[in-house]
Amino acid sequence: MMKRCAWVKEDEPLYVKYHDEEWGRPVHDDRLLFEMLCLEGAQAGLSWWTILQKRENYQKAFDFFEAEKIICYSEEKIEELLENPGIVRNRLKVRSVVKNAKAFLKICEEFGSFDEFIWGFTDHKTIHNEWETIKEVPTTSVISDLMSKELKKRGFSFVGSTICYSYMQAVGLVNDHTTDCFCYSKSK
């Protein structure tokens with residue numbers, strides 16, 4: 001049996017697949033970078049497992065995170081989303097996706113892509129940590145603090161430093177696979 005990071009629910013195929021194939025792998029696709037930022041924001045106060053199980057519902061409900069479509073959402077669409085049992089029906093979180101889509105598109109226009117902007121926080125390369133246990137892995141960093149501050153300044157919400165650090169882990173800005181995980185050496 002392959003050794004994985006301790007946070008993985010080994011008896012849940014969806015969790016295993018996410019860990020093995022996505023988490024910590026560098027993402028450079030703007031749409032996916034936006035999706036993951038929205039999903040991390042939806043996670044606030046909840047577990048990632050809760051959001052991961054609802055991910056397909058989120059993708060369908062929010063037009064697969066096509067920001068150009070999301071910025072056109074009417075009040076009726078927002079109310080429809082708040083009735084959708086397949087997502088977290090928190091008014092502030094639902095509205096934040098629309099707000100964040102607008103800010104996302106402004107950044108894309110200014111920098112040419114969201115990828116160019118977000119990877120700039122790590123000088124366009126993955127930060128490889130060498131944590132032996134999950135207890136060593138931080139929940140924030142100096143970079144996540146800076147990212148949070150900059151995203152908020154640019155109009156994003158649900159982007160506190162802890163959410164930003166989790167986002168950095170998810171999209172491969174930082175490699176926080178523990179050193180005993182089979183993905184650790186593959187990602188260096």
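Note that our numbering has the sequence shown beginning at 1, numbered continuously upward.
Built from N, CA and C at the ideal position, the CB exists for glycine as well.
All figures in this text were calculated on a predicted structure; none of them were measured in a lab.
{"query": "So what does DSSP say about Val27, is it helix, strand or coil?", "result": "coil"}
{"query": "Shortest alpha-carbon distance to Thr126 belongs to which of Thr133, Phe182, Ile118?", "result": "Ile118"}
{"query": "Taking only runs of the alpha helix (DSSP H) that begin and end inside the region 48-106, which ones reach a length of at least 4 residues, in chain order?", "result": "48-61, 67-70, 75-82"}
{"query": "In whole angstroms, what is the alpha-carbon distance linking Thr140 and Glu80?", "result": "34 angstroms"}
{"query": "Identify, in the order they occur along the chain, each residue of the same chain with its Cβ nearer than 7 angstroms to the Cβ of Lys3, setting aside the five sequence neighbours on each side.", "result": "Asp180, Cys181, Phe182"}
{"query": "Grouping DSSP H, G and I as helix and E and B as strand, with all else coil, what is His128?", "result": "strand"}
{"query": "Exposed or buried, what is Glu168 when buried is set at 16 or more other beta-carbons lying within 10 Å of its beta-carbon?", "result": "In the sequence as displayed, the identity of residue 168 is Met instead of Glu. Classification for Met168: buried."}
{"query": "According to DSSP, is Val16 helix, strand or coil?", "result": "helix"}
{"query": "Is Val174 helix, strand or coil when you go by DSSP?", "result": "strand"}
{"query": "By the three-class DSSP mapping on this structure, what secondary structure does Glu22 have?", "result": "coil"}
{"query": "Looking at the unbroken alpha helix (DSSP H) that takes in Phe117, where does it start and where does it end?", "result": "114-119"}
{"query": "Taking the alpha helix (DSSP H) that Val8 belongs to, which residues open and close that run?", "result": "Counting along the chain, Val8 falls outside any alpha helix (DSSP H), and DSSP gives it neither H nor E."}
{"query": "Note down the Cα distance separating Phe114 from Asp11, rounded to an integer number of angstroms.", "result": "35 angstroms"}
{"query": "Tell me whether the beta-carbon of Ala67 lies closer than 8 angstroms to the beta-carbon of Phe104.", "result": "yes"}
{"query": "Taking the C-alpha atoms as reference points, what is the distance between Gly86 and Glu136?", "result": "34 angstroms"}
{"query": "I need the DSSP call for Leu46, collapsed to helix, strand or coil.", "result": "coil"}
{"query": "Is it right to say Ile51 is buried, meaning 16 or more other beta carbons lie within 10 angstroms of its own, or is it exposed?", "result": "buried"}
{"query": "Just curious, the alpha helix (DSSP H) that Glu150 is in, first and last residue?", "result": "142-153"}
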